[in-house]
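Scroll down for the structure; my scribbles are underneath it.
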């Protein structure tokens, strides 16, 4: 879970077709560049035969040069990034529920979020006082009287210029259109209140109650153009029993929703999440 | 989880419409009958407004008389049982996988199963030596050359006369027809290798791999005429990561499958499971 | 977990020597008083042979009369309470860590705490702005230049007149003297950052790191005059691996500390916690 | 959890002082030797500044040559192994409890153990029929009339010539003397029925009951000359409540004991466990 004792200054991220000698070749570039490797993870996905690598480095590094040198070693279709580790810029979208937002605001206030929280955007007004308490900009984009396209257009006009790395749906209860999602490929993260793929869609706690499950969960995933079908990043579950009403399930679920969401942001901030088909590779 | 320090000699089971004074009235009958109550659970389901009660009693008891007296107090549509606590009679159905069966056989051999294991029945031959090791009768009913109906007819002819309380599907990989299921209402228990309702049907571990879930599970449920839709009795999950192949998922899943199945049999043996709509009430 | 769909108006709490007929006798009093029983739990502790009962009732009730009538039925040494369900009054004691306090403040602000949060008291100043954000009174009682006895005397003078039901130690990092604890018998609740009895005392995450455990936990318990030895109310654990530094352990632990603490307050507010020797009986 | 789709033919294991360029240098040797790397894990322990690496390779390899070449690159005090992946040879020591042994025997019978199970050794006779069922050699070494030293001498004379890699204490209830342990440094694995360091020593379930914990656990660890103080390999826990007697705790605990033990053997068979101070590094 850690690049401890201190975080790396740079991370190298590689996603390329597998072939012999990759680790040796890539670490050779890093060695010659004087990089001080503090952590290293590799994985070859058996199904796609792609190689994934994340290397944390301390100290100074000529990132563009290292990146170019590594890219030159690899076949076409390889993705290479050497990134200075700076907090990821996020905009948080919410509707009316406060628990995930409050958690992010508190972590942000105490320097534990890891992300740079640019703004909170909502289709409602009720969470404005909460954001205000923590001096985080709050923007409401009401949907009344607007078509979905018009509403999303206003959202886009608002958040686009903020230039976030990720849009974080922290209980944003409107479905985003494929058109909107396409503008933010793998850059929208959602917390869904079930252990997907169980209970896709609306009111998962009511669904869970009527199905009589003995376990409920929360899932953080990238948003794709298929509802609740995007790559899963993190899931957590808790046991249930027959005495839980849907309201009790929702209450119990809120604790894991916020935990899953903030841990997911930590993974994204530290560049530990790779995409592979509709799955994720997590180097933690 | 216990009627400890010793198990009760009798259990009273009540499932009836709720109304004031039920606990007082029912415990009055028990008190006058000289029953020594060792444990007591009640629950009112808010949705159906039904009252459920399980009371463990030590000592001697005129079970039919107590049962009749309680029944006389309750409205029509009430279910009352006063049962001497004796092991439930089970027949275990398997296909080719050994892990759940082996677990049941070992527990049975050491007096820890709680059930009376009448026989093992399979549509294959390969597990016969395992049952033989533990001197439990093994019957194979091959399906080759038979229609589903013919095969199930032979199964029924074999297991019917054994007079089991429950048929336990311990990785029995054929789907039972609604006609067969109807003969054993809420008396067939299945262990399914996913956290239902995720991954209904065949090859759940392959489905789980391709969906990229971070948690897998096992579910024990009563079999209904809808595939994998019957009331859930128990579920357990374990965390996963991207490095698990479907084969690894299956391996990890086997440990929870057998644990969930044997714990479910314990609940059934101790009459801790009530049905309520398509849900279960579990008094543990 | 619930008296749902609505909470009870009254709860009856009984803790007495076991003997036959208790449930019948007690529920008879409730029935004749016209109480509408909405939930009922009983347990007999095998070791102490004491009987514990919690009954939730809706509607109006002459609480003192019912209590007296039940008490008259029971032997000496019985504890009977019939309490109108109103939020428990709490004072929260903190030192410098914000995460548990922030969680309580957010829940309080949104009506989800269940307790009546009277004030926050600290031996430091740094959390004052956090309490201020949520308009909860904050009092600091610095310890500099004071003996333990003097400091505790000031604490007592501050919190005594507030008349709280419980003092909640939400990462209060000073050990309270037996004299202070004796003034609040079973009315001080602490969140300890380990799965007690492992890692008693200071710096449990450092202890956990050096012992190389693969699981860490948090424990909510009543404070007794033996350090970290009081009755345990709730525990939760999370898996660890070798890559976690003490700082990572602390970070991961914070999420379960606050969850365990707020769930413990829920249990206390709903009068679900009974004491039995140095153990707790939890009716959830 | 996997070197899948197929297991590696060789593993390289390195434990040495950290310094820049290690991964590049070591993978260079492998590359030049034509090794087909199928998995790779590295970790630097911040406290000891030691570097750990496990690399799985497919295909043919001149193991001694590769090992020598890598060793030549590294400073004194480095440990290098290039091992053909063959099952680890184990002798299982038991006393009277059957559940862990039965689990190992079943897995062994179906080719799922991973280890080569040489023999079962006990200080009692009662488990002989169980071992016999699965045609595994069983030896009893009764302790009656013998001093601890004499008994351990007979054990040593029995198991020494079998030349096992590990002695596996699968509920062996005698404490081994430091002298015996010193003969098998980090080669004795024990399953302890608590989440160590809680409840060291005898009767942990009784200790757990009296302490009133809400979670119990099992711990697999290497045996050192300090009772229950050796490096922890794996731990698992399950929730408890007040209704569990010590007997119930023991029953519930058996399921996790056997799971933890068999998963630990899998880690050892695959050479995924490194020692670091009194901790373990687990590459899974």
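Protein chains in written order, with the numbering used here: chain P, -1 to 282; chain Z, -1 to 282; chain G, -1 to 282; chain L, -1 to 282. Even glycine gets a Cβ: it sits at the ideal position worked out from N, Cα and C.
If you run the structure through DSSP and keep just helix, strand and coil, what is residue i?
i	result
residue 159 of chain G	helix
residue 220 of chain G	strand
residue 32 of chain L	coil
residue 137 of chain P	strand
residue 84 of chain Z	coil
residue 1 of chain P	A caution first: residue 1 of chain P carries a pLDDT of 40, below 50, which makes its placement in the model too unreliable to give a value.
residue 285 of chain P	With chain P covering -1 to 282 only, the question about residue 285 of chain P has no answer from this structure.
residue 215 of chain L	strand
residue 117 of chain P	strand
residue 173 of chain G	coil
residue 187 of chain P	strand
residue 277 of chain L	strand
residue 27 of chain P	helix
residue 91 of chain G	strand
residue 198 of chain G	coil
Taking residue i as part of the beta strand (DSSP E), name the residues at either end of that continuous run.
i	result
residue 203 of chain G	That residue, residue 203 of chain G, is in no beta strand (DSSP E); its alpha helix (DSSP H) goes 202 to 209.
residue 166 of chain P	164 to 167
Are the CB atoms of residue j and residue i within a distance shorter than 7 Å?
i	j	result
residue 259 of chain G	residue 189 of chain G	yes
residue 71 of chain Z	residue 23 of chain Z	yes
residue 129 of chain L	residue 89 of chain L	no
residue 108 of chain Z	residue 96 of chain L	yes
residue 213 of chain Z	residue 235 of chain Z	yes
residue 39 of chain P	residue 281 of chain P	yes
residue 100 of chain Z	residue 166 of chain L	no
residue 277 of chain L	residue 210 of chain G	yes
residue 162 of chain Z	residue 203 of chain Z	no
residue 181 of chain P	residue 164 of chain P	no
residue 270 of chain Z	residue 98 of chain Z	no
residue 113 of chain L	residue 14 of chain L	no
residue 226 of chain G	residue 194 of chain G	yes
For the alpha helix (DSSP H) that contains residue i, what are its first and last residues?
i	result
residue 179 of chain Z	176 to 181
residue 15 of chain Z	Here residue 15 of chain Z belongs to no alpha helix (DSSP H); instead the beta strand (DSSP E) covers 8 to 15.
residue 107 of chain L	97 to 107
residue 128 of chain P	126 to 131
- Query: Going along the chain, which unbroken runs of the alpha helix (DSSP H) with 4 or more residues stay wholly within the stretch 38 to 79 of chain L?
  - Reply: Counting only runs of 4+ residues, the alpha helix (DSSP H) found wholly inside the stretch 38 to 79 of chain L occupies 61 to 71, in chain order.
- Counting pairs of Cβ atoms below 8 Å between the stretch 83 to 92 of chain Z and the stretch 59 to 66 of chain Z, do you hit three or more? Counting Cβ pairs under 8 Å, fewer than three are found: no touch.
- Message: Three Cβ pairs or more, each shorter than 8 Å: is that satisfied between the stretch 149 to 163 of chain L and the stretch 174 to 186 of chain G?
- Response: Contact fails: fewer than three Cβ-Cβ distances are below 8 Å.
- Taking contact to mean at least 3 C-beta pairs separated by less than 8 Å, is the stretch 8 to 23 of chain G in contact with the stretch 233 to 243 of chain G? The stretch 8 to 23 of chain G, when compared against the stretch 233 to 243 of chain G, does not touch it at the 8 Å Cβ threshold.
- Query: Taking contact to mean at least 3 C-beta pairs separated by less than 8 Å, is the stretch 241 to 255 of chain L in contact with the stretch 223 to 232 of chain L?
  - Reply: As far as the Cβ criterion goes, the stretch 241 to 255 of chain L does not touch the stretch 223 to 232 of chain L, which means the pair count is below three.
- 3-residue-minimum beta strand (DSSP E) runs that sit fully inside the stretch 224 to 266 of chain L, ordered along the chain: Within the stretch 224 to 266 of chain L, the complete beta strand (DSSP E) runs of at least 3 residues are 230 to 237.
- Query: Would you say the stretch 128 to 146 of chain Z touches the stretch 43 to 63 of chain Z, given that touching needs at least three Cβ pairs under 8 Å?
  - Reply: A contact is defined here as three or more CB-CB pairs under 8 Å, and the stretch 128 to 146 of chain Z fails this definition with respect to the stretch 43 to 63 of chain Z.
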